[in-house]
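Respectively, the protein sequence lines represent chains Y and W.
For my numbering, count along the first sequence from 1 and bump the result up by 3.
For my numbering, count along the second sequence from 1 and bump the result up by 1147.
Quick notes on the structure that follows.
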Amino acid sequence: MTIQFVKTICPYCGCGCGILLEIVDQTIVAARPDNDHPVSRGRLCIKGWHAHEFVHHPDRLTHPLAKNRGRFHKISWDEAMDIAIDRLSSAAGRAGPAGIGGFSSARCTNEENYLFQKFIRAGFGTNNVDHCARLCHGPTAVAMARAFGSGAMTNSIQDVVLSDCILMFGSNAPETHPIIMGRIYEAQAAGARLIVVDPRRTAAAQNATLHLAVTPGGDIPLINGMMRHILDAGLEDRAFISERTQGFEDMARHLDQWPLERAAGLSGIAGNQICAAAEQYAGAQRASLFFCMGITQHSFGTANVHALCNLAMLCGQVGRPGAGVNPLRGQNNVQGACDVGALPDYLPGYQRVADPGARSIFEAAWKRPLSAEPGLTLTEMTAVAGETIRALYIMGENPMMSDPDINEVKTRLKRLDFLMVQDIFMTETAKMADLVLPGACFAEKNGTFTNTERRVQRVRAAVPPPGDALDDFSILCRLGNKLGLDFNYADSSQALVELSCLAPIYGGIDFQRVAPHGLQWPCPTHDHPGTPCLHQGVFSRGQGLFVIPEFALPAESADEGYPFALITGRMFAHYHTGTMSRRSEALNREAETAFVQIHPDDAGDRGISEGDRVRVSTRRGSIDLSACLTPCIRPGSMFIPFHFSEAPANALTFAVLDPVSKIPSFKLCAAGLERGKNDDTHGA
Amino acid sequence: MPMTALDEAKMRVRQCIESGESHGVLGLIRKADGVRPYLFEEASDVDFLVLSPKWLLAKQAVSLLSKLPDVYRLSVICRGCDERAIRELIKRNRVDAKRLHMIGLACDADQAGACLCPAPAPSSVDIGTVVPGVDFCDDPGTKAFVSGDRKARRQLWQEAFKKCIKCYGCRNACPLCHCSPCKLADGLWVDTGKVPADPVTFHLIRAFHLADGCVGCGACQDACPVGIPLMMLQWPMRQALENEYGYCAGSDTGQRSPLFSSLTQCPSAGLPTPGWIDSREAGE
């Protein structure tokens, strides 16, 4: 009998907590907290404690599968490689390089994402590679890169304990980033004020010093109102503005359009509360700003993020420990997938594909010509699937659950000549594939994940993948070699070495250095200690840039037929499309099926009681689920978590995109509510 | 140069393995990946043994023992809190004392202070030097949860419980928790799918389940991501059992819990209604 303890990183959210897997004879019997981990320090949320439960699940994919006349058949890896390369190449032959697209995975390691984008870029000569960052912090990457020069969290998680004011926008961190919320509570216990801006009275809001229940989509009026008051009261940081920023004069003039009354009217927050929040934030010694999907998942998400950057620069609350602008990244490695170039407009290390200098370095290293034209985003690729995009390779993503308006996504994916899905379970998306490749989960691979605070951390294999499944790195190597690329890597560490030579922010990062406690990029050289706090003294782009955020009304507003504002999101026991968390016994016990949160008044008006079956409809479709009555949701709005395939929230959402970042408006659409009809069978 | 605690530990563990006294010793190892628990079975590994950070091993030792063959003799490096937990488990017939040997580690003053620990050493110390215990009342923030104005105290507890993220870490980390199915997860009292967990059905059920089992190791509190002072929830009951029945969980492997005895065995007849439930002063 062999007993091992393997230190690795939790596969769920972007906190990047350390977990200790206990392995008895190649079976993981427990996941426990890692007391020697700099982020989680011996603590975990419910998902972390049960992170191992799906690993040995009988539903795991164990063989490559090819679809023939609508049914899957087991095939060998050699056959699978033949089919994959043959079908992708023929699609590229017919439609040109731009006929191929790839969805990389925020679940997979940096090394795998690096190889994936290299496979698409070097193998097919297209930049049509993206991943689900498009659906979460796409606007953050765009806006913060433009305003500050870097799209990532400016500070470290532990920095927040230095703050005396914490302003959270659209983040329900107690459920979605629990270990970070623990740090925020630590700051609060030491005297910091916590201001939470959220239309819902979330767990975060319930613990706040001040909760601002903003009208859904009313963040820009609120932020502009705060800024205007800060200027009126003379609380701005003049020295910071003049020394470190540009564009302030235009911004200040723009704020003339935002007198308090207008801000209050459009944000739904009383003028005195706008002033109080503004004064507390501006007056703090060190103020931390945190934000999440409530800011980004709007058709004006990029403008929302610009508004937050403006507020921080106005008050000089960025570029110091304890003072910064902190997007909380969703998936375990969504930060890393962006860093290593799984984006259509960036090569690894945020080097623009349109920059000839950057491109030539990669062309020399990869020995292939690269396209100078930015590729299509994930949402754009789905929209033209079956038209310009003829073949899609999807690794560890589940757009049939995660993308807006999934009925439309289904129609689009069906039109493809070839769909290849690499995953660990037969997801809703994999079911539609022509070829399914069985990959490996976090506990079966070696590599690195990068958490929300830019900390590159080591992920370690604890057990082998089940059956004939292979770790995704090996699959990518086989695919690359089959396509004639030189993908002869002995192991994933070699890919990290290659990446570190090409992406200066990862220049000093290797397996040895990140082994105990990780390193935060930028880490340009092998003796660089990493960078816990960005923009100290000078912004990455030089001067910080004020960008006027244009206020827009939501693309769809409540009306007579659809009188509710529908908000989608997560709940504490499940993760995203539920592929992993719903196969965990403990997590499933906590939340077995779909529900919609509605206000008791709205329920009363319709004769709905707790637990009743209800039907929620939008112009896209309907789903049936159970009612959960809570005063934490405001009358006239409703909340549905998007984890449940039997009642998928994204059958209701719509593909209206932010014009800059192409993120869909998951956080706001118009919906109707009625009591369920048990004999009615037409659903989504 | 005098031997450090770490030298002592290495010597003791090496001796344990080489003499055949134990087949393996559960302790902490520091390798390239940082510190983690490790089952030392080869003397050559002992060079990498470390004693910090604080990492309670009682629960893992018991879990390992249940998986190892019956003939396997396991030693575990135990702090005072680990020892109390293991003794209580031995008393409750959950561990075979003959198969599990404890190597006693006395905590240093810093650790005792960090834990506000009244008994920072095991009964038999093999490693380190015993330092005096710490009274948690030295920390006003902690004391405020069990003494002072009742309304203020209630407010403190309500605020603390409101932060609960329902990770079940307090239950998972507790070396004494063992019901199957767990009463917090059997669907009877505790609502599912909602945070924060209800204080009465979640935290108080857990606390009362451990009324006479809690050894004050602090594993629950250490595991709590949101800083709920869970040891202070347990403290009044532990204190009452000690003051009124002379019972202290984990103090030895023989003493039976008063909850298992008939009332006629009570030390003092006619005890008042237990005002101790919510107050530090009432017990004094």
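From the three backbone atoms N, C-alpha and C, an ideal C-beta is built for every residue, glycine too.
- Within the DSSP bridge table, the entry for Y:Met398 names Y:Gln425 as partners.
- When beta bridges are read from the DSSP output, Y:Asp627 appears opposite Y:Arg618.
- In this structure, Y:Arg463 sits near Y:Val9, with a CB-CB distance shorter than 8 Å.
- In its chain, beyond the 5 residues on either side, Lys77, Pro441, Gly470, Asp471 have a beta carbon closer than 7 Å to the beta carbon of Y:His66.
- Interface flag for Y:Tyr188 against chain W is set, since a Cβ pair is found closer than 8 Å.
- For W:Leu1236, same chain residues with a beta-carbon under 8 Å away, outside a window of 5 residues either side, are Ala1205, Val1209, Val1242, Pro1322, Leu1323 in chain order.
- Interface annotation for the stretch 14-36 of chain Y against chain W: Leu23, Glu25, Val27, Val32, Ala33, Arg35, Pro36, criterion Cβ-Cβ distance under 8 Å.
- Around the beta carbon of W:Phe1407, fewer than 16 other beta carbons sit within 10 angstroms, so the residue counts as exposed.
- Restricting attention to alpha helix (DSSP H) runs no shorter than 4 residues, the stretch 225-300 of chain Y encloses them at 241-247, 251-257, 263-270, 274-286, 296-299, ordered along the chain.
- Taking a Cβ-Cβ threshold of 7 Å, the residues of chain W close to Y:His520 are Gly1181, in chain order.
- Three or more beta-carbon pairs separated by less than 8 Å link the stretch 311-323 of chain Y to the stretch 536-543 of chain Y, which places the two stretches in contact.
- Relative to the Cα of W:Tyr1392, the nearest Cα in the group W:Trp1382, W:Arg1161, W:Ser1404 belongs to W:Ser1404.
- Counted as a single uninterrupted DSSP element, the stretch harbouring Y:Cys672 is not any alpha helix (DSSP H) but the beta strand (DSSP E) occupying residues 672-678.
- Taking each of Y:Ile88, Y:Leu632, Y:Glu595 in turn and checking the Cα distance to Y:Pro603, the smallest one comes out for Y:Leu632.
- Ser1210, Leu1211, Lys1214, Leu1215, Pro1216, Tyr1219: these are the residues of the stretch 1208-1231 of chain W whose beta carbon lies less than 9 Å from some beta carbon of chain Y, given in chain order.
- Exclusion of the five residues before and after Y:Ala255 leaves Leu234 as the residues of its chain whose Cβ lies within less than 7 Å of its Cβ.
- Looking at the backbone, the Cα of W:Pro1383 and that of W:Phe1292 are separated by about 11 Å.
- For Y:Ala136 and Y:Thr143, the gap between their C-alpha atoms comes out near 10 Å.
- Shown here for Y:Leu486: same chain residues with a beta carbon closer than 6 Å to its own, the five before and five after excluded, namely Ile88, Gly126 in chain order.
- Distance from Y:Ser625 to Y:His53 at the Cβ level is roughly 32 Å; contact not present, criterion being Cβ atoms closer than 8 Å.
- Inter-segment contact for the stretch 641-660 of chain Y and the stretch 585-601 of chain Y is present: three or more beta-carbon pairs are separated by less than 8 Å.
- With respect to the C-alpha of Y:Gly102, the residue from Y:Ala606, Y:Gly378, Y:Asn335, Y:Leu197 having the closest C-alpha is Y:Gly378.
- Here the alpha carbons of Y:Ala216 and Y:Gly679 stand approximately 30 Å from one another.
- For W:Pro1346, the three-state secondary structure derived from DSSP is helix.
- According to the DSSP assignment, Y:His538 belongs to no beta strand (DSSP E), since it is labelled neither H nor E.
- If you draw a straight line from the Cα of Y:Thr157 to the Cα of Y:Arg393, it comes to about 39 Å.
- Nearest CB-CB separation between W:Asp1192 and chain Y: not below the 8 Å threshold.
- Of W:Lys1245, W:Ile1312, W:Val1223, W:Gln1302, the smallest CA-CA separation from W:Thr1339 is found for W:Ile1312.
- Taking a Cβ-Cβ cut-off of 8 Å, the neighbours of W:Tyr1185 in chain Y comprise Phe8, given in sequence order.
- Where Y:Ile123 is concerned, the enclosing alpha helix (DSSP H) starts and stops at 113-127.
- Any Cβ of chain W closer than 8 Å to the Cβ of Y:Phe57 would place that residue at the interface, and such an atom is absent.
- Sequence-distant partners of W:Val1362 (beyond 5 residues in either direction) whose C-beta falls short of 6 Å from its own C-beta, in its chain, are Arg1231, Ala1232, Glu1235, Ala1396, Gly1397.
- Excluding its 5 nearest sequence neighbours in each direction, Y:Leu590 has C-beta neighbours in its own chain below 7 Å: Ile49, Lys50, His53, Ala576, His577, Ser584, listed in chain order.
- The residues Leu258, Asn313, Leu314, Leu317, in chain order, have a CB closer than 7 Å to that of Y:Met230 in the same chain once the five nearest residues on each side in sequence are set aside.
- Between Y:Pro359 and Y:Ala506, the CB-CB gap reaches or exceeds 8 Å.
- The alpha-carbon separation between Y:Pro662 and Y:Val550 amounts to approximately 16 Å.
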